[in-house]
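This report concerns only the one structure given below.
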Amino acid sequence: MDILDYAFMQRALLAAVLVGITAPAVGIYLVQRRQALMGDGIGHVAMTGVGLGFLLSANPVWMATAVSVLGAVLMELIRWYGKTRGDIALAMLFYGGMAGGVMFINLAPGGSNANLTTYLFGSLSTVSESDVTAICLLAAFVVLVTLGLRRQLFAVSQDEEFARVTGLPVRALNLLTAVTAAVTVTVAMRVVGLLLVSALMVVPVAAAQQLSRSFAATFAIAVAIGVSVTIGGTVTSYYQDVPPGATIVLLTIGAFIALTALATPLARRRARALAAAQAAGDPAECAIPATRGQETKVGV
Amino acid sequence: MSEPVISLRGVTAELGSRPVLRGIDLTVHRGEVVALLGANGSGKSTAVRSVIGQVAVSGGEIEIFGTPRRRFRDWHRVGYVPQRTTAAGGVPATVTEIVSSGRLSRARFGMLRKADHEAVRRALELVGMADRAKDSVNALSGGQHQRVLIARALASEPELLIMDEPMAGVDLASQEVLAATLREQVTQGTSVLLVLHELGPLEPLIDRAVVLRDGCVLHDGPPPQAVGQHALPGHDHVHPHAAHDAEPIRTGLLS
Chain A
0 MDILDYAFMQ
10 RALLAAVLVG
20 ITAPAVGIYL
30 VQRRQALMGD
40 GIGHVAMTGV
50 GLGFLLSANP
60 VWMATAVSVL
70 GAVLMELIRW
80 YGKTRGDIAL
90 AMLFYGGMAG
100 GVMFINLAPG
110 GSNANLTTYL
120 FGSLSTVSES
130 DVTAICLLAA
140 FVVLVTLGLR
150 RQLFAVSQDE
160 EFARVTGLPV
170 RALNLLTAVT
180 AAVTVTVAMR
190 VVGLLLVSAL
200 MVVPVAAAQQ
210 LSRSFAATFA
220 IAVAIGVSVT
230 IGGTVTSYYQ
240 DVPPGATIVL
250 LTIGAFIALT
260 ALATPLARRR
270 ARALAAAQAA
280 GDPAECAIPA
290 TRGQETKVGV
Chain B
0 MSEPVISLRG
10 VTAELGSRPV
20 LRGIDLTVHR
30 GEVVALLGAN
40 GSGKSTAVRS
50 VIGQVAVSGG
60 EIEIFGTPRR
70 RFRDWHRVGY
80 VPQRTTAAGG
90 VPATVTEIVS
100 SGRLSRARFG
110 MLRKADHEAV
120 RRALELVGMA
130 DRAKDSVNAL
140 SGGQHQRVLI
150 ARALASEPEL
160 LIMDEPMAGV
170 DLASQEVLAA
180 TLREQVTQGT
190 SVLLVLHELG
200 PLEPLIDRAV
210 VLRDGCVLHD
220 GPPPQAVGQH
230 ALPGHDHVHP
240 HAAHDAEPIR
250 TGLLS
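Residue numbers (numbering that gives the first Met the number 0), protein chains in the order written: chain A, 0 to 299; chain B, 0 to 254.
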């Protein structure tokens with residue numbers, strides 16, 4: 000395995016594995032809350048952080064983390080207070096973040112949009128030693144939150160109103176989800192890029208759903224898919240000289256299509272078994288033969 | 000008179016700039032079953048949602064078990080069934096996973112112990128869903144969804160149940176199961192506040208009815224007697240608009 004002989008590839012593979020774990024681990028809660036595109040919005044906002052990093056000659060990963068956490072908190076606040084005009088406020092935040100990134104990077108000495116490109120679409124060879132340290136620390140935070148607080152986050156994401164009556168600190172947990180999503184975006188930024196990050200949060204979860212009936216299984220399968228595609232994409236991009244971010248995302252979508260094709264006959268069989276079980280016990284409307292039409296009248 | 004478990008005094012609330020509650024007084028005593036009735040838009044859902052803190056109130060006082068709502072922390076004493084047509088979220092979840100979240104109010108740091116898993120199983124047995132424990136909620140009918148949501152509220156073994164339209168979109172068989180479950184809880188001393196569109200099969204359980212209109216209490220006393228066509232024997236409280244409403248909901252749940 001000559002691929003592991005290069006220090007930059009070791010770093011890239013480590014980063015890829017961490018992205019494969021963290022992105023679906025946060026994404027599952029976003030999908031559960033039906034905010035699948037939140038990661039995309041945070042990715043846009045993080046561009047300002049990257050630009051600021053260049054302008055102030057600070058590490059862009061930490062700078063992007065700070066700005067995207069701020070952006071995510073702002074998005075959560077808009078969700079509470081924005082009500083009807085919330086979508087407009089979010090749009091301004093997203094595009095303001097993107098414009099800010101382009102502006103700052105061009106103001107930085109020697110900076111141009113070319114610097115930004117590696118952050119937008121991911122680049123393995125540029126993952127530095129300090130990036131890896133940052134990514135490891137941030138990924139540890141994400142894993143701690145998404146696994147350690149899984150019951151609380153599940154309850155809040157499933158039914159916010161009910162979660163409040165169980166005494167959970169709903170607002171704090173919502174903020175924590177937003178912050179964790181923002182941190183994940185910056186973890187994934189170097190490998191898949193800011194514009195493609197959201198795919199890795201959402202698509203593995205969608206693919207896992209094709210096979211699973213429980214939240215726990217969806218979580219496990221999504222992370223397994225995430226790790227497989229990030230490693231697969233990274234290795235492919237090394238041997239074939241193709242961009243890693245795009246390779247990973249296309250592989251993820253491929254996994255989704257493959258699992259959907261695999262799961263459709265499975266789901267059909269399951270539905271048939273269920274219908275048979277129901278016909279035996281408590282009759283379902285559609286399972287009642289036409290001769291018993293009189294009894295199918297249901298008073299609601 | 001026994002100690003009130005819920006007490007609202009002069010509660011006002013607005014949604015946007017529209018006043019929805021204009022000074023509501025409502026008391027539920029220990030062991031009492033109170034139905035909150037009224038037409039759509041009368042403020043009955045807002046009233047219960049103000050009790051649980053989901054709707055901000057602009058005036059008046061709310062007390063739960065004698066504690067001002069803002070300082071109330073013993074949420075495990077309260078079981079809540081929100082107005083829902085489905086228990087499903089954006090990700091598949093099993094019946095047990097959903098009901099377990101109802102036990103979080105009694106769990107420390109979100110850790111469920113053996114006794115907690117036992118309580119979840121008991122709650123599922125109460126609503127007759129123990130055999131579906133490992134099934135995805137996506138595979139359930141509307142009535143079964145509602146039974147799951149009630150099991151979730153019962154998982155913390157509450158002393159007070161607050162239910163928002165528990166019978167909406169529920170088939171007859173499930174309505175009977177729900178009425179039986181509720182009867183059992185009431186005989187054990189649970190207090191209940193129910194939002195209902197009409198009394199229906201729960202009628203014999205109800206001690207007192209509070210009727211709202213335009214955010215004001217119109218009637219507080221014995222459940223109103225059905226009159227006219229509603230009083231005819233065999234009238235099953237099906238209104239044309241209710242049946243019409245129920246139709247798209249049911250197809251949504253089966254999809």
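Glycine is no exception: its CB is placed at the ideal position from the N, C-alpha and C atoms.
Listed by chain order, chain B residues near S213/A by CB distance under 9 angstroms: For the purposes of this step, residue 213/A is taken as the residue at position 214 of the first sequence. Near S213/A (Cβ distances below 9 angstroms), the residues of chain B are P91, A92, T93, T95, E96, K133 and S135.
Presumed contact (8 angstroms Cβ cut-off) between L195/B and M166/B, rounded CB distance: Looking up residue 195/B in the second sequence gives position 196. Looking up residue 166/B in the second sequence gives position 167. That belief holds up - the Cβ atoms of L195/B and M166/B are roughly 7 angstroms apart, short of 8 angstroms.
Closer than 6 angstroms: P168/A CB and nearest the ligand FMN heavy atom: Looking for the ligand FMN in the displayed structure turns up nothing, as the structure carries no ligands at all.
Cross-chain neighbours of V77/B in chain A, by beta carbon under 8 angstroms: Walking along the second sequence from the start, residue 77/B turns up at place 78. Neighbours of V77/B on chain A, chain order: V164.
CB contact below 7 angstroms: G109/B versus chain A: For this step, residue 109/B is matched to residue 110 along the second sequence. G109/B counts as touching chain A.
R170/A in three-state terms, based on DSSP: For the purposes of this step, residue 170/A is taken as residue 171 along the first sequence, with counting starting at 1. Three-state DSSP puts R170/A in a helix.
Spatial neighbours of G192/A in its chain, beta-carbon cut-off 6 angstroms, leaving aside the 5 residues before and after: Counted from its first residue, the first sequence places residue 192/A at position 193. For G192/A, where only same-chain residues beyond five positions count, the Cβ hits under 6 angstroms are L119, F120, G121 and G244.
Cβ-Cβ distance between A63/A and V44/A below 7 angstroms: Here the question's residue 63/A lines up with position 64 in the first sequence. Here the question's residue 44/A lines up with position 45 in the first sequence. Cβ atoms of A63/A and V44/A: not closer than 7 angstroms.
Bridge partner(s) assigned by DSSP for I61/B: Locating residue 61/B in the second sequence gives position 62, where the first residue counts as 1. Note: I61/B is bridge-paired with L7/B in the DSSP secondary-structure output.
Bounding residues of the beta strand (DSSP E) (the contiguous stretch that carries V194/B): Position 195 of the second sequence, counted from the start, is the residue given in the question as residue 194/B. It spans S190 to V194 - the beta strand (DSSP E) in which V194/B sits, taken as one unbroken run.
Beta-carbon proximity check, S124/A vs F53/A, cutoff 7 angstroms: The count along the first sequence starts at 1 and reaches residue 124/A at position 125. The count along the first sequence starts at 1 and reaches residue 53/A at position 54. Contact flag unset, no.
Burial state of G233/B, where buried means 16 or more other Cβ atoms lie within 10 Å: Here the question's residue 233/B lines up with position 234 in the second sequence. Annotation note: pLDDT 49 at G233/B (below 50); position unreliable, coordinate value reported separately. Under this definition G233/B is an exposed residue.
Option in V164/A, S227/A and L92/A with minimal Cα separation from L69/A: For this step, residue 69/A is matched to residue 70 along the first sequence. The residue from V164/A, S227/A and L92/A with its alpha-carbon nearest to that of L69/A is L92/A.
Nearest-angstrom Cα separation, counted from D1/A out to N173/A: What you label residue 173/A is simply residue 174 of the first sequence in a count that begins at 1. What you label residue 1/A is simply residue 2 of the first sequence in a count that begins at 1. When rounded, the distance between both Cα atoms is 44 angstroms.
Against chain A: residues of the stretch 40 to 65 of chain B by CB proximity under 8 angstroms: R48, I51, G52 and Q53
Pair within 7 angstroms by beta-carbon distance, T21/A and V186/A: Mapped onto the first sequence, residue 21/A falls at position 22. Mapped onto the first sequence, residue 186/A falls at position 187. Less than 7 angstroms separates the beta-carbon of T21/A from that of V186/A.
Interfacial residues, the stretch 3 to 33 of chain A to chain B, with Cβ spacing under 7 angstroms: I27, V30, Q31, R32 and R33
Separation of T189/B from R29/B, as counted between CA atoms: For the purposes of this step, residue 29/B is taken as residue 30 along the second sequence, with counting starting at 1. For the purposes of this step, residue 189/B is taken as residue 190 along the second sequence, with counting starting at 1. Rounded to whole angstroms, R29/B to T189/B spans 8 angstroms at the Cα level.
Range of the contiguous beta strand (DSSP E) that encloses H28/B: Taking the first residue of the second sequence as position 1, residue 28/B is located at position 29. Per DSSP, H28/B belongs to the beta strand (DSSP E) from R17 to H28.
DSSP state of I134/A mapped onto helix, strand, coil: Residue 134/A sits at position 135 when you count from the first residue of the first sequence. Looking at I134/A - three-state DSSP - the assignment turns out to be helix.
Proximal residues to Q208/A (C-beta, below 7 angstroms), its chain only, five neighbours per side dropped: Position 209 of the first sequence, counted from the first residue, corresponds to residue 208/A. The residues are T217.
Min CB distance S6/B to chain A below 7 angstroms: The residue labelled residue 6/B in the question sits at position 7 within the second sequence. No, because no Cβ of chain A sits closer than 7 angstroms to the Cβ of S6/B.
Contact under 7 angstroms by Cβ, H144/B with A86/B: Stepping through the second sequence from its first residue, residue 144/B is reached at position 145. Stepping through the second sequence from its first residue, residue 86/B is reached at position 87. Against a cut-off of 7 angstroms, the Cβ pair of A86/B and H144/B comes out as a contact.
Residues that DSSP places opposite I161/B in a beta bridge: As a position in the second sequence, residue 161/B is number 162, starting the count at 1. Its beta-bridge partners are Y79/B and L192/B.
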